[in-house]
Structure formats: structure tokens, C-alpha cells
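Shown next, in C-alpha cells, is the structure this report addresses.
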Amino acid sequence: MNDCLFCKIVAKEIPAEIVYETGRTLAFRDINPQAPTHVLVIPKGHHATAAVLADADDGLADEVLKTAHAVAVLEGVADSGYRVVFNTGLGAGQTVFHVHAHVLGGRDLTWPPG
Ligand code: 5GP
Ligand code: ZN
1 MNDCLFCKIV AKEIPAEIVY ETGRTLAFRD INPQAPTHVL VIPKGHHATA AVLADADDGL
61 ADEVLKTAHA VAVLEGVADS GYRVVFNTGL GAGQTVFHVH AHVLGGRDLT WPPG
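Mapping to full-length UniProt numbering: the sequence shown position 32 is 32, numbers consecutive.
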């Protein structure tokens, strides 16, 4: 069976605080938030990385980005500014291999810091 953590969240086998949902995407709060708003946006179907998602060529990457923006609006950070991050691969610190966009906002996120 599928042993993927985020597939289990989609299947409601593991609880998560869901903030938004579309037909093919799900948005839920990160368990270890790095900003006042820290929401993960995933496609409900399993794709390991952003690279795999980009190759899927069926509009799903577009839907993930649209969901990320909808989350920013719902969370009230769309105007102040927010960051969307896909850690892609081990060298970038990806730890869960079901592609997810981190939507971060609610604090100063200017980059590089300082
Ligand atoms: P990555 O390091 O792969 O880019 O991000 C994985 C994210 O998933 C981390 O920010 C981590 O806090 C979050 N995470 C790991 N396990 C769970 C979980 O069981 N539930 C939720 N909501 N987030 C999780
Ligand atoms: Zn998965």
C-alpha cells in the first residue's frame, strides 16, 4: 500500500488542519510552522517532487499555484506579501516526497535577510 504521509492526509488517515481544498488540491497547516501563516499545498494525487509535477503536463502545477494564492488571500497575507517554496530534492531539504508548496506569510520575508 501507499506509505506516503501526505497521501494519508488526503485519505484522512492522518489528521491535518485543512484550510482550503479544490478538486485536485489540498491545503493544510504545517505541523511545525516557520511563520504566522505556514500552509502546505499539495496535489491530491501522488507526485514525488516539483520536477515530476512540472512534467505531468496536465495543468495540475497551475492548480497548485492557484490554490497557493487562494490560501494567501484567505490567510490575509496576499497584500502584505507571501512566499511560495518548493524544496525539491534531498539537497534542497525536501523531507516529504509528495510535492508540496510551502505558503509562508505574516512576517518579514524579505530575501536575502538583512
Ligand atoms: P519539506 O522539508 O519536505 O520541504 O517540508 C515538509 C514539511 O512537512 C515540513 O515543514 C514539516 O513540518 C511538515 N510536516 C511533516 N510531517 C507533517 C505532518 O504529519 N503534518 C503536517 N501538517 N505537516 C507535516
Ligand atoms: Zn503521496
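Where a beta carbon is used, it is the ideal one built from N, C-alpha and C, also for glycine.
Where does the unbroken beta strand (DSSP E) through I42 begin, and where does it stop? 37–43
Tell me the DSSP bridge mates of L26? E21, I42
Option in V99, G81, Y82, T110 with minimal Cα separation from residue 115: No statement about residue 115 is possible, as the shown extent of the chain runs from 1 to 114 and does not include it.
Report yes if the C-beta of F6 is less than 6 Å from at least one heavy atom of ligand 2; otherwise report no. yes
Rounding to the nearest angstrom, what Cα-Cα distance links L40 and T25 in this structure? 10 Å
Hey, V73 and V103 are a contact pair by Cβ (cut 8 Å); roughly how many whole angstroms apart? With 8 Å as the limit, V73 and V103 do not qualify as a contact, their Cβ atoms being about 11 Å apart.
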